[in-house]
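*Asks:* Residue numbers (our numbering): 90 to 536.
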Ligand SMILES: CC(C)(COP(=O)(O)OP(=O)(O)OC[C@H]1O[C@@H](n2cnc3c(N)ncnc32)[C@H](O)[C@@H]1OP(=O)(O)O)[C@@H](O)C(=O)NCCC(=O)NCCS
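#1: Please classify residue 110: does DSSP put it in a helix, a strand, or coil?
#2: Under DSSP, the beta strand (DSSP E) around residue 368 begins and ends at which residues?
#3: State buried or exposed for residue 122, treating a residue as buried only when at least 16 other CB atoms are found within 10 Å of its CB.
#4: Going straight from the alpha carbon of residue 367 to that of residue 507, what length do you get?
#5: Assign residue 220 to one of three DSSP states: helix, strand, or coil.
#6: Going by other Cβ atoms of all chains shown within 10 Å of its Cβ, with 16 needed for buried, is residue 315 buried or exposed?
#7: Check whether the Cβ of residue 228 lies closer than 7 Å to any heavy atom of ligand 1, and answer yes or no.
#8: Report whether the distance from the Cβ of residue 189 to the nearest heavy atom of ligand 1 is below 7 Å.
#9: So, residue 151 versus residue 91, is the Cβ gap smaller than 8 Å?
#10: Between the beta-carbon of residue 242 and the beta-carbon of residue 336, is there less than 8 Å?
#11: Mapping DSSP to helix, strand and coil, what is residue 279?
#12: In chain order, what residues of the same chain lie with their CB nearer than 7 Å to the CB of residue 329, ignoring the 5 residues before and after it?
#13: Excluding sequence positions up to five away, which residues of its chain have a Cβ less than 6 Å from the Cβ of residue 244?
#14: If I'm right that residue 495 touches residue 415 with Cβ under 8 Å, what's the distance once you round it to whole angstroms?
#15: Does the distance between the C-beta of residue 224 and the nearest non-hydrogen atom of ligand 1 fall short of 7 Å?
#16: Give the DSSP-derived three-state secondary structure of residue 115 in the structure shown.
#17: Under the assumption that residue 182 contacts residue 142 (Cβ atoms under 8 Å), give the Cβ distance between them as a whole number of angstroms.
#18: Per DSSP, residue 149 forms a beta bridge with which residues?
#19: Can you pull the DSSP bridge partners for residue 418?
#20: Since residue 112 and residue 145 should fall inside the 8 Å C-beta cutoff, what is the C-beta to C-beta distance between them, to a whole number of angstroms?
#21: Between the C-alpha atoms of residue 135 and residue 127, what's the straight-line distance to the nearest angstrom?
#22: Quick check on residue 535: does DSSP put it in helix, strand or coil?
#23: Can you name, in chain order, every residue of its own chain whose Cβ lies under 6 Å from the Cβ of residue 331, other than the five neighbours on each side?
#24: Would you mind sorting residue 527 into buried or exposed? The rule is 16 or more other CB atoms within 10 Å of its CB.
#25: Starting from residue 446, trace the alpha helix (DSSP H) in both directions and tell me its first and last residue.
#26: Alpha helix (DSSP H) containing residue 500: first to last residue?
#27: How many angstroms separate the CA atom of residue 376 from the CA atom of residue 232?
#28: Any heavy atom of ligand 2 closer than 7 Å to the CB of residue 199?
#29: What residue range does the alpha helix (DSSP H) around residue 183 cover?
#30: Considering only DSSP beta bridges, list what residue 459 is partnered with.
#31: Can you check which of these residues, 289, 439 and 426, is closest to residue 531 by C-alpha distance?
#32: Below 8 Å between beta carbons: does that hold for residue 483 and residue 519?
#33: What did DSSP end up calling residue 393 once you bin it into helix, strand or coil?
#34: Assuming the contact rule is C-beta atoms closer than 8 Å, residue 481 and residue 236 should be a hit. Round their C-beta distance to whole Å, please.
#35: Are the region 420-432 and the region 460-478 touching, with three or more C-beta to C-beta distances below 8 Å?
#36: Among 351, 333, 444 and 343, which has the Cα closest to the Cα of residue 362?
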């Protein structure tokens, strides 16, 4: 059957989802074996995607069924929207990739590859320095040049052990003019956008949350529960500093019978300042009638290090979260800080040929100037392996690495990869030192 490509940018008819949006939405949900939701919740998704500027692309197929099936779904989709991502010192324009789904009947025939290639090439042409996604499986996207750029943890915190924040940390965070206020979590929405912007500006690896993400996390709507009503059992705590809101936490008790431990789930946690982070945790640690707190999108082991009883925290899961794909090497490398100075020539091998080439990195005062070699191939030339010309940047140590590892190095460093040879060449050790990061980036949501 012939595949018919499609592209949709206009998802609404009034405030209702257009039929072609509904079909693509159903495809994506069927790819994950999920309930697509009610017409009302699909309309909500369409409004959110329209607001975000989502471009939906993919392939459909003319029907081969003997009886008209009414609503045949496209066989493959990819959805992308423009945003920015803080690399370290500067945010860069980023093409956010989401809604990737191929029908189980059409998998492993190259449809993802047929969608991803042009998507990345176009994003590069339009001046995006990065593409970013969150992955359902960790083995899919490395081949397209995406590298793991942040990790998240799932914590279980045992309150029966009565853990407390370390006294010195608590004292450092104390702010007599600050206060914590309880309100329905949905009522935190007016504060969500401002905090999301501050966090996306201030934290490497945190993309700007769209409104729909906050609505879902705060339970202002409940699309998974097929309802657009607020979740009444979700509670919010707002940390109000001397100059205004600095953070909030939203929690919900896990439904269960009378027996067994009482578990509180952290549904959202946004802290724009360290004192708000500590103040909110102190509040959560003091909750009565709670045996455990579970937090799905936590930043690494930070909390355990701040407690009087670090064993009160059990790490239930630790996995990759944000994956990025570099589309503009100089712009990305010049948008972070470096803990050491030095000169290094990077030889970047890119399976998609978009950034293949040699780049000289000159770091001074913690900031880099990056010069691509004049003989680098153009993105359309399909060169995979970077050529090293000894006459270019003579005497500068070389480090060879793949495009996905460069993305990882930018956000999380490359010490392990250099030690075990995934970053090669005489300059591998220097690459490990230059790209070392003091603080792991952190992205607190899936998209
Ligand atoms: C993941 C998915 C999109 C792949 O689509 P596809 O059209 O079958 O992929 P392709 O045939 O284009 O495969 C492209 C490459 O990825 C590899 N690949 C595809 N799916 C993979 C998977 N689940 N795990 C590991 N590798 C995978 C293929 O082997 C192929 O490798 P190669 O070209 O280097 O030999 C599809 O299986 C799917 O929809 N899965 C369920 C939903 C999902 O996980 N979506 C991703 C959301 S982040």
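Backbone N, C-alpha and C fix where the C-beta goes; we use that ideal spot for every residue, glycine too. Please read these numbers as outputs of a predicted model, since none were measured by experiment.
*Replies:* According to the structure shown:
#1: In the structure shown, residue 110 sits in a helix (DSSP, three-state: H, G or I).
#2: No beta strand (DSSP E) contains residue 368, which is instead part of the alpha helix (DSSP H) from 363-374.
#3: Burial call: exposed.
#4: Each residue's alpha carbon lies about 36 Å from the other.
#5: Residue state, collapsed to three classes: strand.
#6: The residue is exposed, with fewer than 16 neighbouring Cβ atoms inside 10 Å.
#7: Indeed, a heavy atom of ligand 1 lies less than 7 Å from the Cβ.
#8: The answer is yes for residue 189.
#9: Going by C-beta atoms, residue 151 is nearer than 8 Å to residue 91.
#10: Not a contact, by the Cβ cut-off of 8 Å.
#11: If DSSP states are grouped into helix, strand and coil, residue 279 belongs with the helices.
#12: Cβ within range, chain order: 267, 268 and 270.
#13: Around residue 244: 384, 387 and 402.
#14: The Cβ separation is near 6 Å, so the contact holds.
#15: Indeed, a heavy atom of ligand 1 lies less than 7 Å from the Cβ.
#16: Of the three classes helix, strand and coil, the one that applies to residue 115 here is helix, per DSSP.
#17: With a Cβ gap of about 13 Å, residue 182 and residue 142 do not count as contacting.
#18: DSSP output for residue 149 lists 93 as bridge partner(s).
#19: Secondary-structure assignment with DSSP links residue 418 through no beta bridge to anything.
#20: Rounded, the Cβ-Cβ distance is 10 Å, inconsistent with contact.
#21: Taking the straight line from one Cα to the other gives about 12 Å.
#22: Of the three classes helix, strand and coil, the one that applies to residue 535 here is coil, per DSSP.
#23: Only 266 meet the Cβ criterion.
#24: Under this definition residue 527 is an exposed residue.
#25: Counted as a single uninterrupted DSSP element, the stretch harbouring residue 446 is not any alpha helix (DSSP H) but the beta strand (DSSP E) occupying residues 446-453.
#26: Taken as a continuous stretch (DSSP letters only), the alpha helix (DSSP H) holding residue 500 covers 492-501.
#27: Roughly 46 Å between the two C-alpha positions.
#28: With respect to small molecules bound, the structure shown includes ligand 1 and not ligand 2.
#29: Under the DSSP assignment, residue 183 falls outside any alpha helix (DSSP H), being part of the beta strand (DSSP E) whose first and last residues are 180-191.
#30: By DSSP's assignment, residue 459 forms a beta bridge with 450.
#31: Considering only alpha carbons, the answer is 289.
#32: No; because the gap between Cβ atoms is not below 8 Å, this pair is not in contact.
#33: In the structure shown, residue 393 sits in a helix (DSSP, three-state: H, G or I).
#34: The Cβ separation is near 25 Å, so there is no contact.
#35: A contact between stretches requires three or more CB pairs, one per stretch, nearer than 8 Å, and the region 420-432 fails this requirement with the region 460-478.
#36: Put simply, of 351, 333, 444 and 343 the residue whose alpha carbon is nearest the alpha carbon of residue 362 is 333.
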